[in-house]
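Residue numbers (numbering that gives the first Met the number 0), protein chains in the order written: chain H, 0 to 443; chain X, 0 to 69. Using N, Cα and C, we set each Cβ at its ideal position, and we do this for glycine too. Structure first, commentary second.
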Amino acid sequence: MSAAEDHPQDLSLREQAARIASGELDPNELLAATLERIDEREDELNSTPLTFVPEAEAMLAAAPPGPLKGVPLTVKDMFSMPWHGARSATADALLPPGESGMFRRLRDGGAVVAGLANQHALGWGTTGHISAYGAHGNPWDPRRSPGGSSGGSAAAVSARLVAGSVGSDSGGSARIPAAYCGVVGLKLTYGGVPRDGYTGALTSLSAWGALARDAADTRLLTEVLLGRRLERPGGAGLRVGIVRAPYWDDCDPAVVASCEQALAAAGWVTQDIELSAGELLPAAGIVRTMCELVPATPAHVLAAADPLVRAYALYARLWPAMLVARADRVRAQLRVDLVRAFERVDVIAWPTVPAPAPPLDSPAVELPSGTVPADAANVRQATAANLAGVPGISVPVAPHPSGLPVGLQLLAPWGAEALLLGAAEHLEDATGRAFVDARPPLAR
Amino acid sequence: MTSGEVDPRLAAIASQTLSLGALEATDEEVALVEMLHAILGPRLQALATCDISALAAEPNLDPGRAPQAP
């Protein structure tokens with residue numbers, strides 16, 4: 000390792016795996032160093048509130064050959080593990096301990112679950128300031144939001160506590176924190192994986208999320224989650240669809256500039272496209288999300304939840320049922336529009352978040368349309384992928400003038416994760432890897 | 000209505016609807032619901048009142064796949 004990489008968690012996920020496989024890196028030493036680094040850097044972050052020392056050591060001792068043999072990761076609190084029932088950052092377990100489908104995929108891939116990733120409580124928010132484990136911060140500025148709801152996953156990867164973390168995405172929950180923390184976040188296509196032991200299993204919106212520092216690492220983690228190898232299409236020469244309103248028009252101008260520069264650097268051909276029910280998508284997403292999540296949440300958990308979480312649940316109960324039917328019509332139209340769009344373009348692009356990470360104590364963002372809660376602004380940018388079921392990825396691009404990361408989001412047809420990862424890798428290369436290799440102050 | 004006041008019409012509807020589900024809300028939660036309504040209400044109203052007659056329908060939705068041709 001170079002002087003700049005004198006800690007094994009400064010290595011990429013794939014390099015950790017390769018060095019373990021070749022015998023250059025002792026996985027026991029890697030695990031010990033990882034737990035030590037979590038201890039060192041967690042005071043300001045709270046991204047990883049629980050570590051699983053004996054359980055991780057047992058997983059490592061029994062790790063089968065696999066692409067991630069011996070590599071430590073963290074896992075969002077929406078997945079059960081044999082020693083931990085999923086809590087979704089609430090006071091009580093929502094699911095009993097056990098081998099969730101996601102856990103089996105990691106175990107079978109040889110990975111080691113070293114810790115629990117903090118998250119926004121119940122996944123009902125994108126800021127991370129509400130959690131039974133306490134608020135969690137952003138490695139670029141611990142007083143700012145890490146995003147959410149998979150904020151602990153993104154923060155841990157960005158701060159180099161681990162090189163990969165498993166999150167989920169019901170309304171941008173993998174992509175939004177990836178953008179806030181300057182890492183890559185991939186929302187998988189809906190379904191296609193074993194969903195048992197997953198608190199998002201009963202929704203029609205929630206998908207697993209892979210978070211890592213760059214596209215190649217995200218591909219490796221995604222392959223383990225999917226249980227199969229992915230093709231490696233190149234990302235040059237792609238046709239990119241641009242949906243101006245509201246996804247580009249109502250964003251911080253510096254965010255728009257960063258994303259436009261990245262597209263130009265990639266050399267992709269862009270063309271404007273329209274989604275016919277575009278202005279209705281945020282409402283459709285909110286209605287579908289809350290009408291699926293609220294009934295799935297036990298009453299005693301809601302009773303003990305933060306007042307804002309309870310208010311969301313109460314507000315959703317006031318909506319007329321006809322809103323759900325209307326939301327489903329908007330959703331169906333979106334899916335048809337995307338089929339038509341993907342006949343003309345390979346991917347669709349817009350900023351992952353419309354403004355960089357807000358302060359944890361006042362999570363609102365400034366947009367051309369005014370000051371709005373970060374949740375409303377972020378979900379607006381994210382929900383189309385969840386309603387449609389398509390995969391989406393957030394890739395770091397040039398930072399905001401504030402120094403905070405910015406992410407470009409790409410959407411692709413159902414099942415086209417490999418295309419997104421190829422596009423992201425091309426984007427990283429076209430920008431000299433300057434933004435995926437950037438280290439937050441906490442990791443320098 | 001000034002900031003911090005709860006629209007009495009909303010408060011009445013909220014109270015009646017929540018009572019249907021045997022749910023209780025504190026004054027703080029009602030105020031937060033009012034705040035959420037101020038933020039999300041216009042979007043939800045647009046969804047509630049838009050003409051959906053021209054929009055596609057998908058009775059057998061599978062989010063994991065592209066919609067099938069009718």
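What is the rounded straight-line gap between the Cα of residue i and the Cα of residue j?
i, j, result
"G199/H", "S167/H", "8 Å"
"L225/H", "R86/H", "24 Å"
"G40/X", "V323/H", "15 Å"
"G414/H", "G388/H", "9 Å"
"A47/X", "M321/H", "8 Å"
"A312/H", "V300/H", "11 Å"
"V335/H", "R325/H", "16 Å"
"S257/H", "P398/H", "7 Å"
"V32/X", "L317/H", "10 Å"
"S11/H", "A162/H", "6 Å"
"S361/H", "Q380/H", "20 Å"
"A429/H", "A303/H", "48 Å"
"R18/H", "G402/H", "33 Å"
"I37/H", "G369/H", "38 Å"
"D140/H", "S157/H", "12 Å"
"P358/H", "P252/H", "19 Å"
"A442/H", "S52/X", "54 Å"
"I347/H", "R228/H", "24 Å"
Measure from the alpha carbon of residue i to the alpha carbon of each residue in the options, then state which is nearest.
i, options, result
"T188/H", "L262/H, L418/H, Q15/H, S148/H", "L418/H"
"G191/H", "Q67/X, P62/X, P66/X", "P62/X"
"L24/H", "D5/H, L280/H, R36/H, G277/H", "D5/H"
"W446/H", "F102/H, V405/H, R443/H", "The question about residue 446/H has no answer, for chain H in this structure spans 0 to 443."
"L44/H", "Y132/H, D374/H, E28/H, G97/H", "Y132/H"
"G108/H", "G124/H, L219/H, T430/H", "L219/H"
"V70/H", "P26/H, H119/H, F51/H", "P26/H"
"A295/H", "D140/H, S205/H, M58/H", "S205/H"
"A177/H", "P141/H, N137/H, D195/H", "N137/H"
"A363/H", "L49/H, H128/H, L121/H", "H128/H"
"E14/H", "A211/H, A261/H, V371/H, S393/H", "A211/H"
"G170/H", "L29/H, Y179/H, K186/H, D76/H", "K186/H"
Could one say the Cβ of residue i lies closer than 9 Å to chain X's Cβ atoms, at least one of them?
i, result
"S1/H", "Note that S1/H scores 46 on pLDDT, short of 50, meaning its location in the model is unreliable; the coordinates nonetheless yield the value given after this. False, the Cβ-Cβ gap to chain X never drops below 9 Å."
"R330/H", "yes"
"Y189/H", "yes"
"P325/H", "The sequence as given places Arg at residue 325/H; Pro does not occur at that position. So yes, R325/H belongs to the interface."
"M77/H", "no"
"I285/H", "yes"
"V435/H", "no"
"R212/H", "no"
"P193/H", "no"
"M101/H", "no"
"L317/H", "yes"
"W413/H", "yes"
"A383/H", "no"
"V371/H", "yes"
"L219/H", "no"
"S46/H", "no"
Please classify residue i as buried or exposed, where buried requires at least 16 other C-beta atoms within 10 Å of its C-beta.
i, result
"S79/H", "buried"
"A214/H", "buried"
"V396/H", "buried"
"P319/H", "exposed"
"E365/H", "exposed"
"N59/X", "exposed"
"Q15/X", "exposed"
"V52/H", "exposed"
"S144/H", "buried"
"P531/H", "In the structure as shown, chain H begins at 0 and stops at 443. Residue 531/H is therefore absent and cannot be evaluated."
"Q408/H", "buried"
"S21/H", "exposed"
Which of the three DSSP states is assigned to residue i in this structure?
i, result
"D107/H", "helix"
"Y189/H", "coil"
"S205/H", "coil"
"F78/H", "strand"
"S183/H", "Sequence check: residue 183/H is Val here, not Ser. DSSP places V183/H in strand when its eight states are reduced to three."
"A2/H", "Residue confidence is low: A2/H scores 43 on pLDDT, short of 50, so the model does not pin down where it sits. No coordinate-derived value is stated."
"S167/H", "strand"
"A437/H", "coil"
"Y197/H", "strand"
"A211/H", "strand"
"A177/H", "helix"
"D529/H", "Residue numbering for chain H in the displayed model covers 0 to 443; residue 529/H lies beyond these limits and cannot be assessed."
"P71/H", "strand"
"R8/X", "helix"
"L224/H", "helix"
Hey, is residue i's beta-carbon within less than 9 Å of any beta-carbon in chain H?
i, result
"R8/X", "no"
"A11/X", "no"
Would you mind telling me which residues of chain A sit closer than 7 Å to residue i, beta carbon to beta carbon, in chain order?
i, result
"A276/H", "The chain labelled as chain A is not found among the protein chains of the depicted structure, namely H and X."
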